[in-house]
Structures are given as structure tokens and as C-alpha cells.
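A.B. asks: Sequence lines, in order, name chains X and F.
One gets our numbering by counting positions in the first sequence from 1 and adding 289 to each.
One gets our numbering by counting positions in the second sequence from 1 and adding 119 to each.
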Amino acid sequence: MKVLKRALGIALALLVAAVFLFPLLWVVLSSFKTKLELLAVPPVFIFKPTLQNYINAFRSDFPLQVRNSLIIAVSTTVISITLGSLTAYGFSRYTIKGSDFLQFWILSLRMLPAIAVVVPFYLVFRTLGLLDRHIALILVYCLFNISFAVWVLKGFFDEIPLELEEAAMLDGYSPPQVFLKVSLPLARAGLATTAIFCLIQSLNEFLLAVSLTTRVAETAPVGLSKVQTLMGVDWGLLSAGSIVFMLPVVIFTVIVRNELVRGMSFGRMR
Amino acid sequence: MSQEAMVNEREGPATAVEAAAGLRDLWWRRLLFIPTITLLLLLAIVPLIFSLGVSLFNYTLGSRAIWIGLGNYIYMFTDPQFWLATRVTVQFTIAAVSIEVVLGILLAFILNQRFTGMGIIRLIVFLPMMLAPFCIGLFWRFMFDQTFGIVDYMLTRIGLPAIPWLTHPFWAQVAVVVVDVWQWTPFVALLVLAGVGTIPAELLEAATLDRASTWLKFRQIYWPYLRFPLLLALLFRSIDTLKLFDSPFILTGGGPGNFTSTLSILGYRHQIMFFNVGMAAAISWIVVIIINIVANILIRLITPIKVEQVSTGL
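#1: Looking only at its chain, what residues have a beta carbon closer than 6 Å to the beta carbon of F:Ala325, apart from the 5 residues adjacent to it on each side?
#2: Along the chain, where does the alpha helix (DSSP H) containing X:Leu340 start, and where does it finish?
#3: To the nearest angstrom, how far is it from the Cα of F:Gly397 to the Cα of F:Gly188?
#4: Just checking: is the beta-carbon of X:Val533 within a distance shorter than 8 Å of some beta-carbon in chain F?
#5: Keeping to the same chain, check which residues put their C-beta closer than 8 Å to that of F:Leu322; ignore five residues upstream and five downstream.
#6: Would you give the residue range spanned by the alpha helix (DSSP H) that F:Ala320 belongs to?
#7: Could you tell me whether the region 362 to 370 of chain X touches the region 480 to 487 of chain X, using the rule of 3 or more Cβ pairs below 8 Å?
#8: Is X:Cys431 close to chain F, meaning its C-beta is less than 8 Å from at least one C-beta of that chain?
#9: What residues from the region 456 to 467 of chain X come within 8 Å of chain F, judged by C-beta to C-beta, listed N to C?
#10: To test your reading of the DSSP string, which unbroken alpha helix (DSSP H) runs of 4 or more residues are found completely within the region 135 to 202 of chain F?
#11: Taking 8 Å as the limit between beta carbons, can you name the residues of its chain near X:Leu497, skipping five residues before and five after?
#12: Which residue comes first and which comes last in the alpha helix (DSSP H) that contains X:Pro332?
#13: Counting along the chain, where does the alpha helix (DSSP H) carrying X:Lys443 start and finish?
#14: Name the chain X residues that come within less than 7 Å of F:Met249, Cβ to Cβ?
#15: With DSSP run on the structure shown, which of helix, strand or coil describes F:Met120?
#16: For the alpha helix (DSSP H) that F:Arg260 lies in, which residues bound it at each end?
#17: Taking one C-beta from the region 433 to 450 of chain X and one from the region 369 to 378 of chain X each time, how about it: are there three or more such pairs within less than 8 Å?
#18: Check the Cβ of F:Phe267 against every Cβ in chain X and list those closer than 8 Å, keeping chain order.
#19: Taking the alpha carbon of X:Leu526 as the reference point, which residue from X:Thr323, X:Gln490, X:Pro537 and X:Leu412 has its own alpha carbon closest?
#20: Give the straight-line distance between the Cα atoms of F:Ile405 and F:Ile218, rounded to the nearest whole angstrom.
#21: What residues of chain X sit near F:Ser348, judged by a beta carbon separation below 7 Å?
#22: Find the residues of chain X that neighbour F:Val173, judging by a C-beta separation of less than 9 Å, and give them in chain order.
#23: Sorted by chain position, which residues of the same chain lie with C-beta nearer than 8 Å to F:Gln122's C-beta, five sequence neighbours on each side aside?
#24: Determine, using beta carbons only, whether F:Tyr344 comes closer than 8 Å to chain X.
#25: So, does the region 290 to 308 of chain F touch the region 251 to 266 of chain F, judging by three or more C-beta pairs under 8 Å?
#26: Step through the CB atoms of chain F and report whether any lies within less than 8 Å of the CB of X:Ala606.
#27: Which of the three DSSP states is assigned to F:Asn395 in this structure?
#28: Exposed or buried, which one is F:Ser332 when buried takes at least 16 other CB atoms within 10 Å?
#29: Would F:Phe176 be called buried (16 or more neighbouring beta carbons within 10 Å of its own) or exposed?
#30: Quick one: is F:Pro386 near chain X, going by C-beta distance under 8 Å?
#31: Could you name the residues of the same chain whose beta carbon sits closer than 8 Å to that of F:Thr134, not counting the 5 residues immediately before and after it, in chain order?
#32: List, in order along the chain, the chain X residues whose C-beta lies closer than 9 Å to that of F:Trp259?
#33: Using a beta-carbon distance below 8 Å, is F:Arg143 in contact with chain X?
#34: Check each candidate in X:Ile544, X:Trp524 and X:Met558 and name the one with the smallest Cα separation from X:Val316.
#35: Contact between the region 528 to 538 of chain X and the region 224 to 243 of chain F: three or more CB pairs below 8 Å?
#36: Along chain X, which residues have their Cβ under 9 Å away from the Cβ of F:Gln292?
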């Protein structure tokens, strides 16, 4: 009876894994198919793989769009981690007037729908001539990523024992020195985790990117979304492109797999 | 509230050295908060107020803005498209979130077993929610295709009829929910699993010794530890589906016949396709208000004792 129950549990776990893995595998498989094989009825499972789709993707504007995505995501992350770590440390170590209110307000930015800021940012950036420029998306992404970084990093700073900082103070360190030379190095892992989440979130965003960029600063998802409107859908190019684009995120996920709870719950759980 | 008032002044310094140190501390604390708060205020509050202003104008890009007061809102509330989008958004939210919560709890218990290889299975299950919703939508559109899609192929193989995903109003809505459930059920499971991890081992052992029934065990032992993670998951998922854009936009473009057009898609259309900025601002404000109400209710459930005035970025 116990053995049976255990076997059933394992079977269920394997089934679940298959449900979540299959769509991804199917797209990976499809990215190595020719146009004819892609549209074959019934779908083909065994075929001679071709790299043509990847070659096509790299010959299009796609590498440029990936570059845009990376520039925007990395800049957003650097700004968010810098400002986020300062404020998170502040909330963690000092009591300021209205601290609860401020923290809650920052948390509530998690709920702000992107569509609500599309209209005003579109108008402002249009007036300033910043539409379709990297800086436009970087600024808007900062709104969402700074608030995220503050909350997640606060959790990491809270975990650093105060005694270590007090000892540094006794050694004559000033508060900024304590922060830079003691707290930040101790929060290294937390900073890296938070940075990876910021990168992923910025890479994955679509609504703001499609509204605020058109050509020059177009990110990879926006570029891919336009592939499908030109004479039918080039599924080979789309699947190859998405896989190249997603590969870094997959690697990032493997790196932060033990901190997923913290990252996905805005630091509310760990 | 002025920025400087937020920083606590210390009690009076005794010596000049201490005074200098106190001043330095004050500036240090200002540096910690002021740049971030200022930037966030500029990026969140200013645009929202600006957008509220814009929503009071009949403003199409390229022509002059004309003050019409609540005209956009009045037009919106008499527009069947708006009510359809609201209904669709709410339906998606209720359907997707309730399925995700139920399946998420089950998934958490499946993933809570211990055996070799469970680490890899968990990684596989938690991977989709990290990937761009845009890409996920794209993949499912490929799989839902009526002629060469793998989903219909599998359905017909096991003797079921092929389903017109993406072209039939009802099935297109089902498809959007399926994609959301596929991507986000693991998120609920992740939080539940973290909640299960906080249950003291003695408690679980005691229950095993007592041979408590499964339901009793769930109600008495698991539930108290799962309440917070589940409400948190409910909060995040409800808010995210209320602002759903990426996957229906990619899957169906809002069609057929606007039956998968969420409020975010409707707002985007007015903004980017019709250049009707005033209308887009009005719609986006409705999204903000709906999310505000839902978030307030759920947050009150999470912190029943400490009732706080909550707003979404306002």
C-alpha cells in the first residue's frame, strides 16, 4: 500500500514535469525544422535538423533588438540595484518618520498597471523627443524595478547581524563606510539575486516596450511580435529567435533557483 | 509630505565633533532615501496625475486637445466595447486565478515529495513563470494552430474532436485562461511550498502518529501555515490578470470579435492604434481603480488586524 502510494506520487511528479516541459521542448524541436516540416500535418517528430532558422534570425534585425534589450535591462538593473540597496539599507537600519507608509507605498507600485503609465510617458517622451530611445524604457522600467529591489534587498539586509556593523563602528568606521565596506559585501549574494530578477523582469516586459519603442530602440520581444504580421508567420524564425532570447533567462533561473520564492513574492516570503 | 521631515533629527549634540558627526549622519540618511523617493515620485505619481488630466480632454494625437470634462468617461460607460472588455478581464481573472489556486495547492503537494530527481522536476516546473509571457503566448499560439498545431493533433489522436482554439469566441477565451494557468500555477505552488516548509516537523510527526485523516491534517496543520502564502498568491495573481495584456495580445490580438480583448488591450488600442490619448487615459484609470479595490480587499484579508489605507501607487 505504501509502495503503491509512493509510486503514484512519483508518477504524478513525472507527469507534471512532462506537462511543463513539453511545450518548451516542442518549440526547441520546431526551431530546427524547415518551413515544410513546421507546417506538416500530422506534426513530424523525427526529421533532419537544420540551423537555417537560427541563421535567418541572426541575419535579420534580431541581433540589434537583442542588443537593445540587453542595454535597457542592464542599465535598469544597475540603477535599480544602486538606489534600491541604499533605500533598502535605510529602511532596514534607521527608523524614519512615515517609514511604514513609505514602505507600503513602494510595495504598492508592484500593483501599478503598466497601461496606466503608457499614456503619460508616451506624451512626455514624445514632447522631449525621447520616444524610441533606450533612456525612455530604462526610466520607466526603473519605476518597477527600484520598488522591487528595495523590498527584496531589505530582506537581505535584515538578515545581516547588527553586531558586525557595531564592531566596525567601534573600529572607527563612519556609517557610509560601514555600509560600503561591511554591509554591502555581506549582502553580495542578495545583490546578485536581486540583480538577476531585475534583469529578467526588464527583458520580459512587453506592453511598455511595444508602446514606447518603434524601430531604433526596439527590444527583442517587440521585434519578434512584428515578424508575425509580415505575410503569414515565419514560425521557424520566431521559435529560433525566442529560444536565443530566452536562453539567458533559463540560465539565470538555474542560478537563482533557491531564491525563487523571495524574488517572486516581492520579498514578502523567503 | 516634505522629504526632510521624514528623516529623524537626533537629540542635540554635546560637542563640536559630535555635531559634525551628527550632520554627516543626517546627510547620509538623506542620501539613503531622498534620491529613490524623488525618482519614484517623479516616475509614478506625476504620470498618474498627468494621465488623470489628459483623460479630461478630447485629445487625439496630431489635433488640438479640447476640454470635455468627464466626456471620455461618459462615452466609455456607454460603449459596449468597454463593458465587453471589463467583463472579459474579470472573467479571465476569476477563472484563471481560481484554477491556479486549486491546482497550485495540488502541485505543491506533488512537488513536496522527496526522491532523487525532485530538484530537476521542480526546476522544470518553476521555469515557465520566469520566461517572457510574450514568448509563452507565442509558443502556445503555435501549438493551438488549427491546421498544424500539436494540441489539436493530440486531441484527435485520443479520439476527441479538434477544437477551434483562437478562432471561436469561447475557445479563444479558454485558450487565454489555459496559457495563464500553465504559466502561473507553479507560482502558487511555489508560495504554498514555501509555506509548507515553515510547518514545524514535530507538528507533522504528531499528526502521522495520530493517524489523522487527510482532510483533518490539511485543515488543522497545513491551513494555518498556508493562509498567508495563499492570500499573497491570490493578491499577486489577481492583480496580474486584471492587467493582463501580453498573452491575449499575442494569442489572438484581442479577437475574435474582441472576445479576448482585456481592458489593457482596449487601452493600448485607443493609444497606439487610434491615437485617442484622452480615451486611453480614461480606460487606464479604470484599470487602476479596479486593481485598487481588489488589492485593498485582499490586503485587508492578509492583515485583518492592522487595517491600512492602501493605494496602488497613489
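Heads up, the beta-carbon is just placed ideally off N, CA and C, and yes, glycines get one too.
C.D. replies: The answer reads as follows:
#1: Taking the second sequence and counting its residues from 1, one reaches residue 325 of chain F at position 206. Closer than 6 Å at Cβ, skipping near neighbours: no residue.
#2: Your numbering for residue 340 of chain X matches position 51 in the first sequence. It is not in any alpha helix (DSSP H) - X:Leu340 carries neither H nor E in the DSSP assignment.
#3: As a working note, residue 397 of chain F is residue 278 in the second sequence. As a working note, residue 188 of chain F is residue 69 in the second sequence. The C-alpha of F:Gly188 is placed about 11 Å away from the C-alpha of F:Gly397.
#4: Taking the first sequence and counting its residues from 1, the one referred to as residue 533 of chain X is at position 244. With its beta carbon at least 8 Å from every one in chain F, X:Val533 lies outside the interface.
#5: One-based indexing of the second sequence puts residue 322 of chain F at position 203. Ile340, listed in sequence order.
#6: Along the second sequence, one-based indexing puts residue 320 of chain F at 201. That run of the alpha helix (DSSP H) goes Ala320 to Leu328.
#7: yes
#8: Indexing the first sequence from 1 puts residue 431 of chain X at position 142. At a cut-off of 8 Å between beta-carbon atoms, X:Cys431 makes contact with chain F.
#9: Within the region 456 to 467 of chain X, the residues whose Cβ lies closer than 8 Å to some Cβ of chain F are Ser463, Pro464 and Pro465, listed in chain order.
#10: The qualifying runs are 135 to 159, 165 to 173 and 190 to 196.
#11: Here residue 497 of chain X refers to the residue found at position 208 when the first sequence is read from its first residue. Result list for X:Leu497: Ala403, Val406, Val407, Phe410, Leu426, Val429 and Tyr430, in chain order.
#12: As a first step, residue 332 of chain X is located in the first sequence; it is residue number 43 there, counting from the start. Premise fails: X:Pro332 is in no alpha helix (DSSP H) and is neither H nor E.
#13: As a working mapping, residue 443 of chain X is identified with position 154 in the first sequence. Here the alpha helix (DSSP H) through X:Lys443 covers His423 to Asp447.
#14: Residue 249 of chain F sits at position 130 when you count from the first residue of the second sequence. Result: Ile489, Val538 and Thr542.
#15: Sequence index remark: in the second sequence, residue 120 of chain F carries index 1 (1-based). The predicted position of F:Met120 is uncertain, since its pLDDT is 37 and thus under 50; a value taken from the coordinates is nonetheless stated next. In the structure shown, F:Met120 adopts coil according to DSSP, grouped into three states.
#16: Your numbering for residue 260 of chain F matches position 141 in the second sequence. That run of the alpha helix (DSSP H) goes Pro252 to Phe263.
#17: Counting Cβ pairs under 8 Å, three or more are found: they touch.
#18: Along the second sequence, read from residue 1 onward, the residue named residue 267 of chain F stands at position 148. Simply Leu327, Leu328, Ala329, Val330 and Pro332.
#19: By one-based count along the first sequence, residue 526 of chain X stands at place 237. Residue X:Thr323 is the option with its Cα nearest to X:Leu526.
#20: In the second sequence, the residue the question calls residue 405 of chain F occupies position 286. In the second sequence, the residue the question calls residue 218 of chain F occupies position 99. Linking F:Ile405 to F:Ile218 through their CA atoms gives a straight-line distance of about 25 Å.
#21: Residue numbering aside, residue 348 of chain F sits at position 229 when the second sequence is read from its first letter. Just to set this straight, residue 348 of chain F is Pro in the shown sequence, not Ser. Near F:Pro348 (Cβ distances below 7 Å), the residues of chain X are Met558.
#22: As a working mapping, residue 173 of chain F is identified with position 54 in the second sequence. Val408, Pro409 and Leu412, listed in chain order.
#23: The sequence position of residue 122 of chain F within the second sequence is 3, counting from 1. The pLDDT assigned to F:Gln122 is 40, lower than 50, so where the model puts this residue is not dependable, and the model offers no usable value.
#24: Locating residue 344 of chain F in the second sequence gives position 225, counting from the first residue. Closer than 8 Å: no.
#25: yes
#26: This structure cannot speak to residue 606 of chain X, because chain X is shown only from 290 to 559.
#27: Counting from 1 along the second sequence, the entry for residue 395 of chain F is found at position 276. Three-state DSSP puts F:Asn395 in a strand.
#28: In the second sequence, the residue the question calls residue 332 of chain F occupies position 213. By the neighbour-count rule (16 or more Cβ atoms within 10 Å), F:Ser332 is not buried but exposed.
#29: The sequence position of residue 176 of chain F within the second sequence is 57, counting from 1. Looking at its Cβ environment, which holds 16 or more other Cβ atoms inside 10 Å, F:Phe176 is buried.
#30: Translated into the one-based positions of the second sequence, residue 386 of chain F becomes position 267. The question names Pro, but residue 386 of chain F is Gly in the sequence shown. Cβ-Cβ to chain X under 8 Å: yes for F:Gly386.
#31: The residue you call residue 134 of chain F lines up with position 15 of the second sequence. Sequence-distant Cβ neighbours of F:Thr134 in its own chain, meaning closer than 8 Å and more than five residues away, do not exist here.
#32: Position 140 of the second sequence, counted from the first residue, corresponds to residue 259 of chain F. The contacting residues are Pro312.
#33: Locating residue 143 of chain F in the second sequence gives position 24, counting from the first residue. By this cut-off, F:Arg143 is an interface position.
#34: Reading the first sequence from its first residue, position 27 is the one you call residue 316 of chain X. Of the candidates X:Ile544, X:Trp524 and X:Met558, the one whose C-alpha sits nearest the C-alpha of X:Val316 is X:Trp524.
#35: no
#36: As a first step, residue 292 of chain F is located in the second sequence; it is residue number 173 there, counting from the start. Within 9 Å Cβ-Cβ: nothing; F:Gln292 doesn't reach chain X, min ~20 Å.
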